[in-house]
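These notes concern the structure reproduced below.
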Amino acid sequence: MPESADRSGFAELDSAAQLRELLGEPHPIVLDKVHRRLADADLDMLARSPFCLLATSDAEGNCDASPRGGEPGFARALDPGTLVLPDLPGNRRGDSFHNILQNPYAGLVFLVPGSTDVLRVNGRARILRDAPFFDEMTSKGRRPRLALLIETDEIYRHCPQSLNRARLWRPDPD
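Quick note: the sequence shown, position 91, residue 91 per my numbering, numbers continuous.
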């Protein structure tokens, strides 16, 4: 692998107008799928999901995407506008937590193995050291020491095309 790739001939896109021209306008159905509160279908997906990706960034905009997982339903809704995500044992780096202390905006993408459902949740996160529901989030005898409380700003059910193209749940080559 070369130390630095040759970038001659790269044509960068540098405006929202250029982007819209290339992508076209989103279909109204796609825009209408965005909502602020968790619907029954979203709650069902949360109950089935054992995995999500948590995206955060620090005050300077340096990004981090971190996998989170547990038993299906490890992330739960406190109410239609609030999710809670327990901090289960991991590498102890705390990159997401450090970022949230500087910039509370977070994005979550939930997946269910074998399903092409994708749930995206964007919102504002706070770090909790304790709350009455921590006991309910105990996993394998370990009560979480921290949890993320996410107040939802945007919820969106993605179409399955990216998972279908990636054949994520079908590793066989046929």
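From the three backbone atoms N, C-alpha and C, an ideal C-beta is built for every residue, glycine too. All values derive from a computational prediction rather than experimental measurement.
Asked: Roughly how many whole angstroms lie between the Cα atoms of Leu119 and His158?; Found: 6 angstroms
Asked: Contact defined as beta carbons within less than 8 angstroms: I believe Leu108 pairs with Leu54. What is the distance between those atoms, to the nearest angstrom?; Found: 6 angstroms
Asked: If you draw a straight line from the C-alpha of Ala77 to the C-alpha of Leu168, how long is it?; Found: 27 angstroms
Asked: Check Asn164 in the structure and name its three-state DSSP category.; Found: helix
Asked: Sort Arg36, Asp172 and Ile155 by Cα distance to Phe110 and report the nearest one.; Found: Ile155
Asked: For my contact list, Ala125 and Ala147 are in at a C-beta cut-off of 8 angstroms; report their separation, rounded to the angstrom.; Found: So it is not a contact: roughly 10 angstroms between Cβ atoms.
Asked: Could you give the residue range of the beta strand (DSSP E) that holds Asp97?; Found: Asp is not the amino acid found at residue 97; the sequence shown has Phe there. Premise fails: Phe97 lies in the alpha helix (DSSP H), Asp95 to Gln102, not in any beta strand (DSSP E).
Asked: Rounded to a whole number of angstroms, what is the C-alpha to C-alpha distance between Ala5 and Glu60?; Found: 26 angstroms
Asked: Express the C-alpha separation of Ile150 and Asp135 in angstroms, rounding to a whole number.; Found: 18 angstroms
Asked: Let me know the secondary structure DSSP gives Phe133 once reduced to three states.; Found: coil
Asked: Return yes when the Cβ of Gly69 is within less than 7 angstroms of the Cβ of Tyr50, no when it is not.; Found: Note on identity: in this sequence residue 50 is Pro, with Tyr being the wrong assignment. Closer than 7 angstroms, so yes.
Asked: Considering Cα atoms alone, identify which of Leu13, Phe74 and Glu12 is closest to Arg142.; Found: Phe74
Asked: Which same chain residues, not among the five before or five after Pro132, have their C-beta less than 6 angstroms away from its C-beta?; Found: none
Asked: Assign Val34 to buried or exposed, taking buried as 16 or more other Cβ atoms, counted over all protein chains shown, within 10 Å of its Cβ.; Found: exposed
Asked: From Leu19, Pro28, Ala41 and Arg48, pick the residue whose C-alpha is nearest to that of Val112; which is it?; Found: Arg48
Asked: Where do the ends of the beta strand (DSSP E) carrying Glu154 lie?; Found: Ala147 to His158
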